[in-house]
Amino acid sequence: MHTNGQKVWFITGAARGFGFEIAKTVLASGDKVVATVRSQPEKLAARLNHPDNLFVTQLDITDEDQARKAAGEAVAHFGRIDVLVNNAGSGLLSAVEEATANEVRRNFEINVFGVLNVIRAVLPYMRERRSGHVINISSVGGLGGYIGWGVYGAAKFAVEGLTEAMALELAPLGIHATVVAPGFFRTDFLDASSLSRSERVIDDYGATVGEMRSFATQANHQQPGDPAKLGQAFVRLANAEKPPVHLLLGNDTLARYREKTASLETDIREWQDVVTSTDHDDARA
1 MHTNGQKVWF ITGAARGFGF EIAKTVLASG DKVVATVRSQ PEKLAARLNH PDNLFVTQLD
61 ITDEDQARKA AGEAVAHFGR IDVLVNNAGS GLLSAVEEAT ANEVRRNFEI NVFGVLNVIR
121 AVLPYMRERR SGHVINISSV GGLGGYIGWG VYGAAKFAVE GLTEAMALEL APLGIHATVV
181 APGFFRTDFL DASSLSRSER VIDDYGATVG EMRSFATQAN HQQPGDPAKL GQAFVRLANA
241 EKPPVHLLLG NDTLARYREK TASLETDIRE WQDVVTSTDH DDARA
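In this text, residue positions in the sequence shown follow full-length UniProt numbering: the first is 1, and each later residue adds one.
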């Protein structure tokens, strides 16, 4: 672990939830923060007590021009961007079949295309300085599938894949990329402000997705994860000399990941003859 002076962070979706907690913790650590919000930037600045180290700007991540403008403003204000936290996102609770094309598009527009808009806006500044750290927030649902979270999970699986490739592409340029997969934390993610539910409900999914809908309502604000501790984890991550490509946060995430790898190993074992049967004869070792 090391700290190399004051960093400038660019955090999307900072009005509440993870974004707010990370911004608050980073400011307390002495670093500078560019916090982006979709509306009412002055409201967030007031909630964080208007410190000199804070610059709040408006950004709807689905608008690429606005993303470029926000990145430019950040660099004009603080001189550089050291850490990008792609936090802004949106949930969708729905069976895969229930979600309409528009609901799916909207979710990917925010969780995948929006993240890419911000990445494309910020990376030129990091490449210029041959330094920086891109931190994309995925989810435990980006590591393994959950009933009712197929579309949201698929968007987060995309973020996992993008980050893995970025880590390889950016390493020679002195830039790190990490994808963080938090489990269930006590934020307002399950409130209507963050979570959409499909308008269409198919009765056949009552025992699966229907149960998840009830569970999501009851579980709200009972989740095991502590958002303040998540903020601390981000500060540690940004100060690490060799940050990981994957950072899982929460015992629930760790358990889900181990379950996934065990089940994959079982599938490989049971289907080994088929798995190994498809190479050309001349390609076999």
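In this text, a Cβ means the ideal position worked out from N, Cα and C, and glycines have one as well.
Every value quoted in this text rests on a predicted model; they were computed, and no experiment measured them.
With respect to alanine 121, arginine 47 sits apart: the two C-beta atoms are not nearer than 8 Å. When C-beta atoms of the stretch 171 to 186 are compared with those of the stretch 133 to 141, three or more pairs fall below 8 Å, so the two segments count as touching. The beta strand (DSSP E) runs lying completely inside the stretch 2 to 60 and spanning 3 residues or more are 8 to 11, 32 to 37, 54 to 58, given in chain order. Below 8 Å, enough C-beta pairs join the stretch 10 to 25 and the stretch 224 to 232 to call them touching: three or more.
A contact is defined here as three or more CB-CB pairs under 8 Å, and the stretch 94 to 101 meets this definition with respect to the stretch 202 to 212. Non-local C-beta neighbours of isoleucine 202 in its own chain, meaning closer than 7 Å and more than five positions away in sequence, comprise Ala95, Glu97, Glu98, ordered along the chain.
Taking a contact as a CB-CB distance under 8 Å, the pair threonine 36 and alanine 70 counts as one, their CB atoms being some 6 Å apart. When rounded, the separation of the alpha-carbon atoms in threonine 25 and aspartate 267 is 42 Å. The beta carbons of valine 159 and asparagine 111 sit closer together than 8 Å. Leucine 143 is positioned such that its CB atom lies no closer than 8 Å to that of arginine 16.
Rounded to the nearest whole angstrom, the CA to CA distance from glycine 30 to leucine 249 is 23 Å. Beta-bridge analysis with DSSP links alanine 240 to no other residue.
For leucine 54, same chain residues with a beta-carbon under 7 Å away, outside a window of 5 residues either side, are Leu27, Val33, Ala35, Ala45, Leu48 in chain order. The shortest C-alpha to C-alpha distance from arginine 127 to any of Arg213, Asp252, Ile175 is the one to Ile175. Taken through DSSP and simplified to helix, strand or coil, alanine 181 comes out as strand. Annotated three-state conformation of histidine 246 is strand, per DSSP. Straight-line spacing of the CA atoms in alanine 88 and valine 275 works out to 39 Å.
When the Cα atoms are used, valine 235 and tryptophan 149 turn out to be separated by approximately 29 Å. With respect to the C-alpha of phenylalanine 10, the residue from Leu168, Glu109, Leu123, Phe113 having the closest C-alpha is Leu123.
Around the beta carbon of glutamine 66, 16 or more other beta carbons lie within 10 angstroms, which makes this residue buried. About 6 Å separates the CB atoms of valine 245 and glutamate 164; that is less than 8 Å, so the two are in contact. For the 8 Å CB-CB criterion, valine 8 and isoleucine 61 do not form a contact. Closest option to glycine 161, judged by alpha-carbon separation, among His133, Leu254, Ala171, Ala177: Ala177. Residue range 83 to 86 is occupied by the beta strand (DSSP E) that includes asparagine 86. Distance from the CA of proline 172 to the CA of histidine 50, rounded to the nearest whole angstrom, comes to 38 Å. The beta carbons of glutamate 42 and threonine 57 sit no closer together than 8 Å. Where glycine 153 is concerned, the enclosing alpha helix (DSSP H) starts and stops at 150 to 170.
By the criterion of a C-beta distance shorter than 6 Å, arginine 38 is surrounded in its chain by Asp60, once the five residues flanking it on both sides are discounted.
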